[in-house]
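Chains as they are written, first to last, in our numbering: chain X, 160 to 1218; chain F, 3 to 544.
Below, the structure written as structure tokens:
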């Protein structure tokens, strides 16, 4: 044996501290010291040394007797970075496709309940619209919104497709790739149209390495921030009087009166808003005498509350929110021997949201192992068990649609601040006191869900065997799947504090389970013939998804309201509900050929044929091809004598992908259903029993077939100045044809029956994705890395049906359409009357086009259209404002999304900042309907915006006159008053970290890092609502804000330890 | 082909067709027509506040347009009924091989399905004046191509088939029988002004009719019991939407009435939500009588004649109801301050009114449940207590009597009409119909008398029209009656002018305009899908 020593430097001459030197084929190795020096005793039979360091190209040096080997490692050109593509892995150098990778460090930087949220701003071309609720689902769209729904990416975790990745612990993830174009994704054929996110979890390395134990801990606090500004009680009373005057009333009129503020020339704030049945009580009250009358149990007779006026004003947003607390702890054990590799991860994450009784917890256990059975066979598994629970969750679509709900967050801006949270004797206070409209006490509402419970248990993973019968041929068979079961119960309060109360105490339970499985068999052969390199993959796959059953029951009137006594047996139950899913089944064959000549010219071809049980036999199979090529310009001889470009590769690709996510597995069938909600009827004349009839629940079709999207992509990857600058840019276009649309059927066919999906529309998305990474060293101890991701997106519906150009979505409380999806426009375009301004005078009203309800101070709409005698639009103004004049007011689809990540490293300190921006999207601020008008719900809380409302004296304003009326010219219709610019720039993350020097603390740790970070520290936006991150029901109905759950500021403390 | 092409299957699908009668949570698609007939007809205003469910403001102000929600909801709800009826007929035709399906069953099932289809088309006809008439067995594509038409003849044919073929007594009280079909056919004829055939048919139904559960048609002693769940399917019920509470869904617990309760009553009143459907000043004043007879010249609204109200009086302030002479039906139809309200004590006035300046001082009273029925005849499983098990009578026997009276008057039999009107008034004046206070005294100064004679056909007609208003107020008929009498514009503009004095907000800009306000617009969304060649818009809406 010999001893080899030397120094390891980077290309700038700085030592690479901690670089690894390994005697190849053994476990013998060492690391470079603070000066980059190393010394290694090399076993006698070893002829190669391998030098590696994170972020640098690994080098192998063949020993031929020398004892001093100095190595200069080149960094940065992450060309040999492994890219996982699901069925295979490749390197950045090899790929011809548009693939973005996201590092685990980036994924775990901003804590959230769901890993998918972390893709926001990290990968160019991935649009992520999410909200602040822990555990929420989000809108994730890769390269635009390619369909009318079901356009979410396919997630593939360790080779197994799965619907969502909320169960994953970010610290368990080793690699994440986003396959954006057909060249990369169409290997997943019929499910790849929305792009593919491929995730590989951690595993032991191929080369033997000792056990490494790592702990990552994070504790964070989130600040709910401020609610929307609303009028103080005195301002509210004064504005109410202003409304009376604007209504044409004068003191003394019968209607010039308010239950709380009196009937005088000036409003008077009462001392008590409710004492028994007396409202607006001015003066003192004998509380002891009243206590005897107090009753908040509707079953015990008339309600009697004593509620003191909160003249200071209740901050309802503050009352329903508190500091959120987040904890995440992950313990990882990773290692390998010659014949066995393993990773075991245990994770705990608990998040208390900023909303009362709201949060999400997850406990996960992961074990990934692989064993050699002799030299030609490997077996392995990746398996995770997860227990998760969501507490007090709000919002449909797994929280994605939370902004669309009339929830407690909206109530906080609707409930008059003169109402206190509690009455004098401990009960809730609310709109039972008259004159405040009908919003419900949101504190009571949130307290009411405190005992609701639910949990979800799941197992996810795969088992596989790999055989290498001959050199370079790998046969692999993997069977994977997902099993989950859930159970929950809920309570409904019998309320007493509201103007409109729940009449009963309710209770219910629900449970269900589901499973999917996927069986994949592949053969992979790699060979080189001279400079010709081949990599062939053939595969066959079958899967079954969405198997499962659900059931539930609920009822009212338990014997005791103590939760310990309540179950389904102790209440009066309704008939239970029960159903099972119709699973979908797939059968697929696929192949991929990668060829390159001398690492200079690359060609990739992909072909996949998918069959799905969703479609009739004539249309069951779809074939999805893709071809792509690349040219490494820097591989040419004429490029050898320049130093600017270290690498330049030009890529181009074309391909087709399919989609059927939107389609139900029973789309083919006409179905009748028996359901009490739609089909029961008390035909016998009973007052308490109904018989169950049948009704047509679904109209089927055999004609539906695959939706197909065709993508073209041209891009280049360039590396400049010795690896200091990476530049990746892709120009792409994606055209989706035969869009599967639930055909809007006229009511004559029976509106209850679900219409089938049929192939009608088409859509085009196009854009530019770009990423620039600039990294440099400013001094030996000071380096930085700047990553800029940006994507321009243009989305346009190009066809709907043969007969119709659009379909609509309606708003909350606003009459009629607010969103119209129309040919020639982006998805989710807002629609309504365009406000030109406010009418300033009666003469303006009379000279303006005829408009129902027009009056000074009300909206004046644009006259831009009319209908002819056939009812067709003419495009010609006709002097009458009617539905024909509604027009497009903006779209929820952003024109540009991007992220900027700046990382500074100085000695042992690192500082990371991450900005995210979304530009060019509008938000439909539906909450203004509730907060900006007196006439929508008289007496509800009102936004401070109305302080600037129109009066004959205050004419230079956008805010209409404050009055009781609600008609076409005020709040009733969809107008541009509700549409706002939703662009924003957010400092999503700022982290300061400190890594202890190697060998500190007596070498007890191999790595120890502390970090403190702030998230969402500031947001620059012109949006008036609570938060501009407004999701919704993608793809045809999002960006509508009724009661959004805000993304709020938070602070975290992190520690990472490796033993 | 289908497991439903059997006797049991068709029975189930026919039941599904019945199930759509109440609209199933659709406020405007149910048969009760509280908004379509009563709000549009001036019986009631929307109530509540201007901004609440503001789609209904279009009815109060007669400002519907093709994109308004109400016509669209109504169209959808009714076509669901049509579709279900036709599905039953389609499956029935395919069920011939089922040995369990006897010919009598097949005839009955066809009769029930066609009765229901005729009902849904009758409702479409009176609201839209046209609709595509669908027949069984059409494909989805063919259904969309059927050109819209007026359908009176097809409605008649369906009811005629049901009248000719349905048994008199049915297995279940909620089913349509021969006499329900006869009554509805008579109504169909009446709506077309076919007076002679209407008179003959209605006379037969009145003389010989019985309910599906075998009771000879008759009036209940107490007028109020026609609106009491405990008297569902009585002799007065010709055909009703059946309702049940706590059956597993509030969709059969009068979901279209759920908003129509006093507001903010706490546990001291019914429903507790949401203050809609408040009777108008005009309808309340209409119950004023003069020596027991109504003010047929509409002078009931004059300063001298109108009812005293608590409009503008705070809930806690003293108030005594007036002592004017009134029809006893007033206090079964209109909730007013100081008068006993269904066992919940005296109506407390403004305490139960959401916003007097928007809805006036009155509360709805028909279709509201009694205090004693809370929990037993009401369904507490949903967000409010206002789901009840009271049937809504699509045709009530007194309605039938007045339809016959109308046919008689229009064919010159004034005496015959007089007798029938007096029969209705006699019941209203029964001692059982008189509302009493807890102490047994009459709750107000009730005085109702019978007409002695009609001097002319005009006088008889006026009395008949007024009687329908009083007897059937709030039951969804008024607007359709006014229109077929050619009085919609004059009556409704008169009512608007009167209500506007008190409620300038909700009636601001209200104006009944002929012809467009006579019928609903065809929903623009449907025209967009089917084209204006198949589905032309109604006059005045383009």
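Each residue gets a CB set at the ideal place from its N, CA and C atoms; glycine is no exception.
Q.
Which residues in chain F have a C-beta closer than 7 Å to the C-beta of residue 903 of chain X? List them in chain order.
A. Per Cβ cutoff of 7 Å: 531.
Q) Just the Cα atoms here: how many angstroms apart are residue 1 of chain F and residue 480 of chain F? A) Residue coverage of chain F in this structure runs from 3 to 544, which leaves residue 1 of chain F outside it and unanswerable.
Q: Would you kindly work out how many angstroms separate the C-alpha atoms of residue 236 of chain X and residue 784 of chain X, rounded to a whole number?
A: Note on residue 236 of chain X: pLDDT 47, under 50, position unreliable in the model; the coordinate value appears next. Looking at the two C-alpha atoms, the distance is approximately 31 Å.
Q: Compare the C-alpha of residue 661 of chain X against each of X:599, X:717 and X:977 and name the closest.
A: X:599
Q.
Please state the DSSP three-state secondary structure of residue 61 of chain F.
A. helix
Q: Please name the residue, chosen from X:270, X:566 and X:553, that lies closest to residue 1211 of chain X on a Cα-to-Cα basis.
A: It is X:270 whose Cα lies nearest to the Cα of residue 1211 of chain X.
Q. Which residues in the same chain as residue 247 of chain X place their Cβ atom closer than 7 Å to its Cβ, once the five residues preceding and following it in sequence are excluded?
A. 683 and 696
(Q) Closer than 8 Å between beta carbons: that is the criterion. Which residues of the segment 651-663 of chain X meet it against chain F? (A) 655, 658, 659, 660, 661, 662 and 663
Q.
So that I know if they touch, is there some Cβ in chain F lying closer than 8 Å to that of residue 236 of chain X?
A. Annotation note: pLDDT 47 at residue 236 of chain X (below 50); position unreliable, no value reported.
Q: From the DSSP output, in three-state form, read off residue 526 of chain X for me.
A: strand
Q) Is the shortest distance between the beta-carbon of residue 1040 of chain X and the beta-carbons of chain F less than 8 Å? A) no
Q: Taking residue 180 of chain X and residue 210 of chain X to be in contact with their CB atoms under 8 Å, please state how far apart those CB atoms are, rounded to whole angstroms.
A: Yes, they are in contact, since the Cβ atoms of residue 180 of chain X and residue 210 of chain X sit about 6 Å apart, within 8 Å.
Q) What span of residues does the beta strand (DSSP E) with residue 806 of chain X cover, start to end? A) That run of the beta strand (DSSP E) goes 804-818.
Q) Start and end of the beta strand (DSSP E) containing residue 287 of chain F? A) Unbroken run through residue 287 of chain F is the alpha helix (DSSP H), 283-288; no beta strand (DSSP E).
Q | Complete beta strand (DSSP E) runs within the segment 111-145 of chain F (minimum length 3 residues, chain order) | A | none
Q) With a Cβ-Cβ cutoff of 8 Å, do residue 1119 of chain X and residue 1129 of chain X count as a contact? A) yes
Q.
If you follow the beta strand (DSSP E) that residue 928 of chain X is in, where does it begin and where does it stop?
A. Segment 921-938, the beta strand (DSSP E) holding residue 928 of chain X.
**Q.** Helix, strand or coil at residue 236 of chain X [DSSP, three-state]
**A.** At residue 236 of chain X, the pLDDT of 47 sits below 50, so the modelled position is not reliable; the number obtained from the coordinates is stated separately. Of the three classes helix, strand and coil, the one that applies to residue 236 of chain X here is coil, per DSSP.
**Q.** Where residue 206 of chain X sits in the DSSP three-state scheme
**A.** Looking at residue 206 of chain X - three-state DSSP - the assignment turns out to be coil, as it is neither helix nor strand.
Q) CA-CA distance, residue 233 of chain F and residue 227 of chain F? A) 6 Å
(Q) Quick check on the burial criterion: 16 or more other C-beta atoms within 10 angstroms. Buried or exposed for residue 160 of chain X? (A) exposed
Q.
Rounded to the nearest angstrom, what separates residue 580 of chain X and residue 1017 of chain X at their Cα positions?
A. 35 Å
(Q) Is the separation between the beta-carbon of residue 926 of chain X and that of residue 284 of chain X shorter than 8 Å? (A) yes
Q: Select from the segment 254-283 of chain F all residues with a C-beta closer than 8 Å to any C-beta belonging to chain X, and list them in chain order.
A: 254, 265, 266, 268, 269, 270, 274, 275 and 276
**Q.** Presumed contact (8 Å Cβ cut-off) between residue 360 of chain F and residue 508 of chain F, rounded CB distance
**A.** 5 Å
**Q.** Residues of the segment 148-178 of chain F with Cβ closer than 9 Å to any Cβ of chain X, in chain order
**A.** 148, 173, 174, 175, 176 and 177
Q.
Please report the straight-line C-alpha distance between residue 1191 of chain X and residue 613 of chain X, rounded to a whole angstrom.
A. 24 Å
Q | Start-to-end residues for the beta strand (DSSP E) that takes in residue 488 of chain X | A | 483-495
Q) Grouping DSSP H, G and I as helix and E and B as strand, with all else coil, what is residue 798 of chain X? A) helix
Q. Mind checking if residue 251 of chain F is an interface residue toward chain X, Cβ cutoff 8 Å exclusive?
A. It does: the Cβ of residue 251 of chain F has a partner Cβ on chain X nearer than 8 Å.
Q: Quick one: grab the DSSP three-state call for residue 568 of chain X.
A: helix
Q: State yes or no: is the beta carbon of residue 977 of chain X nearer than 8 Å to at least one beta carbon in chain F?
A: no
(Q) Quick check: the Cα distance between residue 461 of chain X and residue 454 of chain X, rounded to an integer number of angstroms? (A) 7 Å
Q. What do you get for residue 1215 of chain X, buried or exposed, if any count of 16 or more other CB atoms within 10 angstroms of its CB means buried?
A. buried
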